[in-house]
Amino acid sequence: MLLGLWTPMVAVESGSMVPNMNIGDIIIVQGISRTDVITWEEGKARGYRSFNNPGDVILYRPYGKEKLGVLDIIPGILGIGSSGDKATPIIHRAMRWVEMGEPMWDGGPPAPFAGYITKGDHNEVIDQMAGRILGVPNYAYIREHPERFRETADGILIDRETGLVIYSHGNTSYVTDGISYLTPVRKEWVIGVARYRIPYVGYIRLIPEMIVDWIRGII
Numbered sequence: 301m302l303l304g305l306w307t308p309m310v311a312v313e314s315g316s317m318v319p320n321m322n323i324g325d326i327i328i329v330q331g332i333s334r335t336d337v338i339t340w341e342e343g344k345a346r347g348y349r350s351f352n353n354p355g356d357v358i359l360y361r362p363y364g365k366e367k368l369g370v371l372d373i374i375p376g377i378l379g380i381g382s383s384g385d386k387a388t389p390i391i392h393r394a395m396r397w398v399e400m401g402e403p404m405w406d407g408g409p410p411a412p413f414a415g416y417i418t419k420g421d422h423n424e425v426i427d428q429m430a431g432r433i434l435g436v437p438n439y440a441y442i443r444e445h446p447e448r449f450r451e452t453a454d455g456i457l458i459d460r461e462t463g464l465v466i467y468s469h470g471n472t473s474y475v476t477d478g479i480s481y482l483t484p485v486r487k488e489w490v491i492g493v494a495r496y497r498i499p500y501v502g503y504i505r506l507i508p509e510m511i512v513d514w515i516r517g518i519i
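With the working numbering as the guide, the letters of the sequence shown map in order to residues 301 to 519.
Rendered as structure tokens:
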């Protein structure tokens with residue numbers, strides 16, 4: 301169990317961290333139980349940098365969703381199931397920590413709970429701004445179809461079929477998309493901290509998923 305994780309390596313699958321992490325890079329991750337997270341704000345004040353910018357890059361499960369595996373993908377390809385309840389972990393920089401009720405950005409809405417504000421180095425906006433409110437939930441439907449929804453320990457409901465997220469803030473409930481829209485990243489969702497980068501080796505790991513995407517496109 302190297303660096304506190306049973307599987308301490310992940311392959312980068314998107315360009316959100318370019319140029320500091322590129323598609324196909326392998327990232328060595330230290331388990332969160334073995335380290336602390338230094339945010340961009342803290343790193344800038346202390347002169348601490350990681351992957352060319354202040355602060356740590358963290359690997360986290362969006363909304364606490366479970367990791368998407370090959371066995372989850374296959375039913376969706378065959379049209380006999382869905383994997384909306386699961387998601388590939390996100391590897392983005394921890395920008396700052398907010399407490400519940402603090403604005404998530406200057407002039408932004410209050411955080412529904414405490415957590416990290418995160419951002420891809422190549423992205424223009426933080427993760428908490430990247431998404432949409434699609435509407436308000438139909439709780440009568442949710443009560444009638446409890447098997448369709450999974451509730452996290454944080455009280456967030458995840459639609460198993462679509463992956464959409466339902467959460468309450470104050471007296472209002474929302475249905476949202478995006479990887480962490482209007483929700484900070486709770487400590488419990490953080491898998492680990494990125495420590496080292498091995499350029500492009502991850503393409504070997506990504507090839508099977510590229511083939512799956514190609515087959516899905518044909519179907």
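Glycine residues also receive a C-beta, built at the ideal position from the N, C-alpha and C atoms.
Residues of its chain near residue i, where Cβ-Cβ distance is below 6 angstroms and the 5 sequence neighbours each way are ignored
| i | result |
| --- | --- |
| I521 | Look at the range of the chain in this structure, 301 to 519, and you will see that residue 521 is not part of it. |
| I466 | P437, L457 and V475 |
| N423 | S316 |
Reduced DSSP secondary structure (H/G/I, E/B, other) of residue i
| i | result |
| --- | --- |
| P354 | strand |
| S333 | helix |
| A440 | helix |
| W340 | helix |
| W397 | strand |
| M429 | helix |
| R495 | strand |
| Y363 | helix |
| A411 | coil |
| R346 | helix |
Proximity test, Cβ basis, 8 angstroms: residue i and chain B
| i | result |
| --- | --- |
| I426 | Looking for chain B here will not work: only one protein chain is present. |
Among the options, nearest to residue i - alpha-carbon criterion
| i | options | result |
| --- | --- | --- |
| L434 | Y474, E366, I426 and E342 | Y474 |
| H245 | N438, I417 and P410 | Lying before the first or after the last residue shown, residue 245 is absent from the chain, which here runs from 301 to 519. |
| R334 | Y500, P499 and R495 | R495 |
| E447 | Y439, M429 and R460 | R460 |
| G331 | P319, P308, E451 and A394 | P308 |
| V493 | R432, T452 and A394 | A394 |
| I491 | I442, M321, R443 and I327 | I327 |
| N352 | D421, D454 and F449 | D421 |
| A414 | R443, S350 and D454 | D454 |
Bridge-paired residues (DSSP) for residue i
| i | result |
| --- | --- |
| T472 | H469 |
| F449 | D459 |
| H392 | I358 |
| M309 | I328 |
| G435 | V475 |
| Y500 | Beta-bridge pairing links Y500 to no other residue. |
| T418 | A394 |
| K386 | E366 |
Cα-Cα separation between residue i and residue j, rounded to whole angstroms
| i | j | result |
| --- | --- | --- |
| W405 | A387 | 25 angstroms |
| E402 | D356 | 22 angstroms |
| V329 | W397 | 20 angstroms |
| H469 | P412 | 6 angstroms |
| M510 | N471 | Confidence is the limiting factor: at M510 the pLDDT is only 49, short of 50, which leaves the residue's position unreliable and the question unanswerable from this model. |
| L378 | D477 | Interpretation of L378 is limited by its pLDDT of 46, a score under 50 that renders its predicted location unreliable; no figure is taken from the coordinates. |
| D336 | E488 | 13 angstroms |
| M429 | I338 | 21 angstroms |
| E366 | V310 | 15 angstroms |
| V485 | G431 | 15 angstroms |
| G376 | R346 | With a pLDDT of 48 at G376, under the threshold of 50, the modelled position of that residue is not reliable, and no figure is offered here. |
| P499 | V425 | 26 angstroms |
| D325 | L482 | 29 angstroms |
| G408 | L464 | 22 angstroms |
| H445 | M321 | 41 angstroms |
| R443 | F449 | 9 angstroms |
| V318 | G364 | 25 angstroms |
| E399 | E451 | 22 angstroms |
| I374 | T462 | With a pLDDT of only 48 at I374, under the threshold of 50, the placement of this residue in the model should not be trusted, and no figure is reported. |
Own chain residues within Cβ distance below 7 angstroms of residue i, not counting five before or after
| i | result |
| --- | --- |
| D427 | H392, T418, K419, I479 and S480 |
| P354 | W340, G343, K344 and Y348 |
| I323 | V312, E313, S314 and G315 |
| P410 | G401, E402 and P403 |
Close beta carbons around residue i, own chain, < 8 angstroms, minus the five adjacent residues each side
| i | result |
| --- | --- |
| A440 | none |
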